[in-house]
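**Q** Pasting in a structure now, in C-alpha cells, and then I'll have a few things to ask.
There are 4 protein chains.
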Amino acid sequence: MADSLAELQDALDTFVEERNWAQFHTPKNLAMGVAIEAAEIMEHFLWCSGDESYSLPDDKRAEVANEIGDVLMYLLGLGRALDVDIIAAAREKLVINREKYPIEKAKGRATKYVDLD
Amino acid sequence: MADSLAELQDALDTFVEERNWAQFHTPKNLAMGVAIEAAEIMEHFLWCSGDESYSLPDDKRAEVANEIGDVLMYLLGLGRALDVDIIAAAREKLVINREKYPIEKAKGRATKYVDLD
Amino acid sequence: MADSLAELQDALDTFVEERNWAQFHTPKNLAMGVAIEAAEIMEHFLWCSGDESYSLPDDKRAEVANEIGDVLMYLLGLGRALDVDIIAAAREKLVINREKYPIEKAKGRATKYVDLD
Amino acid sequence: MADSLAELQDALDTFVEERNWAQFHTPKNLAMGVAIEAAEIMEHFLWCSGDESYSLPDDKRAEVANEIGDVLMYLLGLGRALDVDIIAAAREKLVINREKYPIEKAKGRATKYVDLD
C-alpha cells in the first residue's frame, strides 16, 4: 500500500491524533462508522431506478462522493486498527470470488451472483 | 489513483467483464452492495465490547478482512460507475472535516464528534 | 401496545432472561442488531429489479420473512431498553411525515420523497 | 395482527395511497428504506459506550424514537408488499432461535450468541 492510499492513511492518522480521538476509534466503532456512511450513500439512490442511478444531479453526485470518502476513511481506519491491508484484503477476496464464480457458470447470471456472500 | 488501487480496479473490471455482470452493477445496486458488506463486517463485532474488538480470534480476523475486501471492491465499483475517484473523494472530505472539527474544539470530545455527518 | 406485539415482547423478554443475555443487549448493540438484520433482508434483493422483487421464490421469501422477524425482535428490544413504544413512535413520525409531505405537493413525486429523512 | 399494529398499517396505506407513492414502494426499495433508517438509529450510538447508550439526552432519545418509527413503518410496508405478517414472522423466528440457542448451552455466553445469523 505504498502509494496514494498510504498518504491518505497518514493524513487520517494525523487528523485523529491531533484531536485525540483514537480512544473512540475501536474496531467496533469504526465498523459501525463504515455501515452508517454506507447507508448515507444508499439514501441518495433509494427512490430512483437502476438506470436513473447513473445520472445523479451534480449536487447529489457531490454528496455521494463525500459519503464515498467517509466510507473509505472509516474502512482505512478499521484496517489500521486491525492491522489489515485493505487493498491486499480485496485482492485476496477477488481470488476467492474467481473460484466461487467460474466464468462459464456465472456469465450473465445474476441468480448465480445472488448467492455471493 | 495511479498505483495499487488502480491495479485492483483493473482486476475488478476484468472480473466483471468476463462474467458479463456490468448489467447488474448499477450505482444503486453497488451502493446496496457496500452497505450489505459493511453490515457483514459489523456482525463480527456485535456482542463484543470496544476493547475486545481489538483482539479478534485469527479466524474471525480473517473473515473480517474478507468483508473489508468486499466493501472496498463495491466502493471501487461504485466510484467507477459514477466516475468518482474514491481517494480524491476521501481527501476532499478530510479537508471538510478539518474545518468542521477544529482541533481546539474537538480535542478528546466524542460529543463533538457525534455530530459528524 | 396491549396486544399481539406486547405478547411478542413478553416472549422475547423471557427468551433473553432465560439465557442471561440482557448484559449484552445494550441499546448500542441492539441498534447494531437492527442494522445487521436489515442488511440481511436487503441481500435478497441486491441483484433483482424493483419489479422482480415482488416475486421472490418461496424459499427466498421464507428467508426474508425470517430476517424481517429478526429486525422486529431487535427493534422491540431496543424500544424496551430505551422505554420507547415502537408503535407510538411510528404513529408520531407519521404525523410529522404528513406535514412534511403535503398531498398536493408530494403526489406521485419521488423527487420530493427523496428528501425524506 | 388484528390490533394497534394493524391500525398503524391502515394509516400507512392511506398515507402512501394519498401521495400515489405505491409505484416507488417495491420490496427492493422498502428493504433499502429499512436499512437506511436502521443506520440512522445507529448513528446516535456511534461514539458512546454500551453503558452510556442507556442514558441518551432527551433530544437524542426523541430523535432515536423517530428513527425507530421509520424502521417500523418501512418494515410494515415491506411485510405488506410481500404478504408477510411481521409479528408472525418474528414469532416463528423466535421458535427457531429457542432451538438454536438452548438455555443450558447459551446461558450468559455472548460467544455462543455471536454465531446467531
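Protein chains in written order, with the working numbering: chain C, 2 to 118; chain L, 2 to 118; chain V, 2 to 118; chain W, 2 to 118. C-beta atoms are modelled at their ideal positions from N, C-alpha and C, and glycine is treated no differently.
From which residue to which residue does the alpha helix (DSSP H) around G51/V run?
**A** Counting from 1 along the third sequence, the entry for residue 51/V is found at position 50. Per DSSP, G51/V belongs to no alpha helix (DSSP H) and is neither H nor E.
**Q** Alpha helix (DSSP H) containing S5/W: first to last residue?
**A** In the fourth sequence, counting from the first residue as 1, residue 5/W sits at position 4. Taken as a continuous stretch (DSSP letters only), the alpha helix (DSSP H) holding S5/W covers 5-19.
**Q** If you measure between the beta carbons of A39/W and V72/W, is that distance less than 7 Å?
**A** Residue numbering aside, residue 39/W sits at position 38 when the fourth sequence is read from its first letter. Residue numbering aside, residue 72/W sits at position 71 when the fourth sequence is read from its first letter. Yes, the pair counts as a contact, with Cβ atoms nearer than the cut-off.
**Q** Among residues of its own chain, excluding the 5 on either side of M74/C, which ones have a beta-carbon nearer than 7 Å to its beta-carbon?
**A** Stepping through the first sequence from its first residue, residue 74/C is reached at position 73. Same-chain partners within the cutoff: L13.
**Q** What does Q50/C reach in chain V if we use C-beta pairs closer than 9 Å?
**A** Counted from its first residue, the first sequence places residue 50/C at position 49. Here the sequence assigns Ser to residue 50/C, which means Gln is not the residue at that position. By Cβ distance, chain V contributes S50, G51.
**Q** Buried or exposed for V96/W, going by 16 or more other Cβ atoms inside 10 Å?
**A** Looking up residue 96/W in the fourth sequence gives position 95. Exposed, because fewer than 16 other Cβ atoms sit within 10 Å of the Cβ of V96/W.
**Q** In this structure, does DSSP put G109/L in helix, strand or coil?
**A** In the second sequence, the residue the question calls residue 109/L occupies position 108. Correct three-state label for G109/L: coil.
**Q** Residues of chain V with CB closer than 8 Å to the CB of F25/L, please, in chain order.
**A** For this step, residue 25/L is matched to residue 24 along the second sequence. The contacting residues are W48.
**Q** Along chain V, which residues have their Cβ under 8 Å away from the Cβ of A107/C?
**A** Here residue 107/C corresponds to residue number 106 of the first sequence, with the count starting at 1. Result: empty, since nearest Cβ-Cβ is about 12 Å, beyond 8 Å.
**Q** Between which two residues does the alpha helix (DSSP H) harbouring A89/C extend?
**A** Your numbering for residue 89/C matches position 88 in the first sequence. A89/C -> alpha helix (DSSP H) spans 87-101.
**Q** Going along the chain, which residues of the region 10-42 of chain L sit with their C-beta nearer than 7 Å to a C-beta in chain W?
**A** Listed in sequence order: M33, A36.
**Q** Alpha carbon to alpha carbon, how far is G80/V from D86/V?
**A** Position 79 of the third sequence, counted from the start, is the residue given in the question as residue 80/V. Position 85 of the third sequence, counted from the start, is the residue given in the question as residue 86/V. Answer to the nearest angstrom: the Cα atoms are 6 Å apart.
**Q** Should V96/C be flagged as near chain L, meaning a C-beta pair shorter than 7 Å?
**A** On the first sequence, residue 96/C is found 95 positions in, with the first residue counted as 1. Taking Cβ atoms only, chain L never reaches closer than 7 Å to V96/C, which makes this a no.
**Q** Could you check how far apart the C-beta atoms of A42/W and E68/W are, in whole angstroms? I think they sit under 8 Å.
**A** As a working note, residue 42/W is residue 41 in the fourth sequence. As a working note, residue 68/W is residue 67 in the fourth sequence. First, the amino acid is wrong: residue 42/W is Ile here, not Ala. At roughly 4 Å, the Cβ-Cβ gap stays under 8 Å, so I42/W and E68/W are in contact.
**Q** Please list the partners that E44/V has in chain L, where partner means a Cβ-to-Cβ separation under 8 Å.
**A** Mapped onto the third sequence, residue 44/V falls at position 43. The contacting residues are I37.
**Q** Give me the subset of the region 79-95 of chain L whose CB atoms are less than 9 Å from a CB atom of chain B, sorted by chain position.
**A** Absent from the structure is chain B; the protein chains it does hold are C, L, V and W.
**Q** With a threshold of 16 other CB atoms inside 10 Å of the CB of A63/L, please say whether the residue is buried or exposed.
**A** As a working mapping, residue 63/L is identified with position 62 in the second sequence. Exposed, because fewer than 16 other Cβ atoms sit within 10 Å of the Cβ of A63/L.
**Q** Quick check on DSSP: helix, strand or coil for I104/L?
**A** The residue you call residue 104/L lines up with position 103 of the second sequence. Reduced to three states, the DSSP call for I104/L is helix.
**Q** List the residues of chain L that A111/W touches, going by C-beta distances under 8 Å, in chain order.
**A** Start at 1 with the first residue of the fourth sequence, and residue 111/W comes out as number 110. Simply W48, C49.
**Q** Which whole-angstrom value describes the C-beta separation of G51/V and K29/W, a residue pair presumed to lie in contact below a C-beta threshold of 8 Å?
**A** The residue given as residue 51/V occupies position 50 in the third sequence. The residue given as residue 29/W occupies position 28 in the fourth sequence. With a Cβ gap of about 5 Å, G51/V and K29/W count as contacting.
**Q** Quick check on S5/L - is its C-beta less than 7 Å from some C-beta in chain C?
**A** Walking along the second sequence from the start, residue 5/L turns up at place 4. Yes, contact with chain C.
**Q** Check whether the Cβ atoms of G78/W and A90/V lie closer than 7 Å to each other.
**A** Mapped onto the fourth sequence, residue 78/W falls at position 77. Mapped onto the third sequence, residue 90/V falls at position 89. Not closer than 7 Å, so no.
**Q** Would a check of beta-carbon distances place D116/W closer than 7 Å to chain L?
**A** Within the fourth sequence, the letter at position 115 stands for residue 116/W. Residue placement at D116/W is flagged as unreliable, the pLDDT there being 49, under the threshold of 50; a coordinate-derived value is accordingly withheld.
**Q** Please classify L79/C: does DSSP put it in a helix, a strand, or coil?
**A** To locate residue 79/C, count along the first sequence from 1; it is residue 78. In the structure shown, L79/C sits in a helix (DSSP, three-state: H, G or I).
**Q** Taking just the CA atoms, how far does L6/W sit from D11/V?
**A** Counting from 1 along the third sequence, the entry for residue 11/V is found at position 10. Counting from 1 along the fourth sequence, the entry for residue 6/W is found at position 5. Taking the straight line from one Cα to the other gives about 16 Å.
**Q** Measuring only the C-alpha atoms, how far is I104/L from N21/C?
**A** Here the question's residue 104/L lines up with position 103 in the second sequence. Here the question's residue 21/C lines up with position 20 in the first sequence. Straight-line Cα distance between these residues: approximately 9 Å.
**Q** Is the beta carbon of A111/L less than 7 Å from the beta carbon of F25/C?
**A** Stepping through the second sequence from its first residue, residue 111/L is reached at position 110. Stepping through the first sequence from its first residue, residue 25/C is reached at position 24. Against a cut-off of 7 Å, the Cβ pair of F25/C and A111/L comes out as a contact.
**Q** If we cut at 7 Å on Cβ distances, does A66/V have a partner in chain W?
**A** Working through the third sequence from its first residue, we reach residue 66/V at position 65. Answer yes: the Cβ-Cβ gap between A66/V and chain W drops below 7 Å somewhere.
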